[in-house]
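See structure below.
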Amino acid sequence: MEIDAATRHAFTADGACVLRGLFADHVEALREGVATNLAEPGPYAAENTVAGEAGRFFDDYVNWQRIPQFEAAARDPAIAGAAAQLMGSERVQLFHDHVLVKWPGTARATPWHQDGPYYFVSGRQTVSFWVPLDPVGDATLRLVAGSHLWERPVLPTRWLSEEAFFPGDYLPVPDPDAEGMRVLEWKMAPGDAVAFSFDTLHGARGNAAQTERRAFSLRYVGDDATYVTRPGPTSPPFPGHGMRPGDRLREDWFPTVWPKAAS
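Just so we're aligned: 173 in full-length UniProt numbering is position 173 of the sequence shown, and the numbers increase by one with no gaps anywhere.
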């Protein structure tokens with residue numbers, strides 16, 4: 001996919017854009033992969049609802065090495081090449097995958113957050129693709145335009161308890177609707193993708209629809225991405241990685257999926 005200049009500018013200026021049909025060839029396979037993930041959750045799987053709350057909100061990540069449908073999407077040259085164009089990067093490394101499923105009638109929202117503060121990655125060349133595997137309207141991803149350029153990161157919190165994930169000098173979690181921020185959101189078909197920076201503030205409403213809302217995400221990093229320490233274990237934690245501050249992410253754990261020469 002050749003991404004036009006206006007879309008690349010939106011990604012740079014707003015921190016997010018939409019790419020229609022980027023994952024269209026993978027929708028059925030990814031649905032199969034999500035079904036496998038639900039039947040066989042990984043070690044990081046979480047249930048994000050509490051007793052007595054309507055619906056069910058499941059998420060899990062770092063499963064691409066055991067679910068072949070996830071790996072096939074992550075290594076697709078059309079998808080990795082789109083990541084390279086948006087980041088303006090010669091190289092693209094896979095960081096990880098993420099599955100988020102909200103059952104019909106799930107009241108629990110995905111809280112406003114930036115991904116970057118949870119990760120051990122430093123750098124501006126980052127991109128996440130958020131891909132619905134069901135049609136979405138109100139339960140689509142919502143993003144605050146320009147938030148990737150804020151001078152300080154937003155406090156990372158635990159989704160259920162809302163406790164701080166790390167101590168540090170963070171902005172309090174805002175209420176973008178109440179504070180009049182420009183919120184981007186799109187009605188999306190299965191296989192469309194929202195692309196956004198790790199530092200873009202985003203969230204999602206609960207799922208009031210009568211159908212599931214299955215979403216699949218891929219996270220990539222580019223040329224300037226390096227390992228950075230945080231005040232505690234990151235999410236994902238990747239225990240035993242052995243990297244030091246300033247190192248590029250190790251290739252055997254975070255494979256390069258787009259060398260420029262292969263385009």
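Positions of the beta carbon are idealized from the N, C-alpha and C atoms, including for glycine.
Should residue i and residue j be called a contact, given that it needs their Cβ atoms to be closer than 8 angstroms?
i	j	result
Ala107	Glu162	no
Leu86	Val127	yes
Leu22	Ala82	yes
Asn48	Asp97	no
Pro236	Tyr61	yes
Phe70	Gly33	yes
Trp258	His241	no
Relative to the C-alpha of residue i, which candidate in the options has its C-alpha closest?
i	options	result
Asp59	Leu38, Ala78, Ile79	Leu38
Pro239	Tyr44, Leu19, Arg66, Arg248	Tyr44
Glu28	Trp103, Arg91, Pro68, Ala208	Pro68
Thr140	Ala109, Arg56, His148	Ala109
Met1	Pro77, Thr211, Met181	Pro77
Pro255	Trp103, Arg230, Ala178, Ala80	Ala80
Gly222	Ala51, Thr36, Arg91, Phe166	Arg91
His26	Pro167, Ala73, Arg56, Thr7	Ala73
Asp169	Ala209, Glu151, Gly123, Glu40	Glu151
Pro153	Pro167, Val18, Ala84	Pro167
Arg248	Thr7, Ala51, Gly123	Gly123
residue 290	Gly55, Val18, Arg20, Arg66	What is shown of the chain runs 1 to 263, which leaves residue 290 out entirely.
Thr234	Met181, Val173, Arg158	Arg158
Leu160	Ala208, Ala84, Leu19, Val50	Val50
Suppose you measure from the CA of residue i to the CA of residue j; what does that come to, to the nearest Å?
i	j	result
Pro111	Ala204	7 angstroms
Ala24	Arg31	12 angstroms
Ser263	Ala193	Its pLDDT being 42, under 50, Ser263 is placed unreliably by the model, and nothing is read from it.
Thr226	Leu184	29 angstroms
Gly232	Pro156	12 angstroms
Val228	His9	28 angstroms
Arg250	Asp224	14 angstroms
Trp103	Phe57	7 angstroms
Ala261	Ala5	Annotation note: pLDDT 48 at Ala261 (below 50); position unreliable, coordinate value reported separately. Each residue's alpha carbon lies about 22 angstroms from the other.
Met243	Gly88	25 angstroms
His148	Ala35	33 angstroms
Glu179	Ala164	22 angstroms
Arg230	Pro176	26 angstroms
Arg75	Thr211	29 angstroms
Ala195	Phe129	5 angstroms
Pro174	Gln125	25 angstroms
Under 8 angstroms, Cβ to Cβ, is there at least one residue of chain B near residue i?
i	result
Thr200	Checking the listed chains, one finds no chain B in this structure; it contains a single protein chain.
Any 3 or more C-beta pairs closer than 8 angstroms across the region 187-199 and the region 115-129: yes
Segment contact flag, the region 177-192 with the region 135-142, C-beta cutoff 8 angstroms, min 3 pairs: yes
The region 214-221 / the region 89-96 touching (three or more Cβ pairs under 8 angstroms): yes
Stretch pair the region 144-162 + the region 1-17: three plus CB contacts closer than 8 angstroms: yes
Beta strand (DSSP E) runs wholly inside the region 20-64, at least 3 long, in chain order: 57-61
Secondary structure, beta strand (DSSP E): runs of 3+ residues fully inside the region 118-148: 126-132, 141-144
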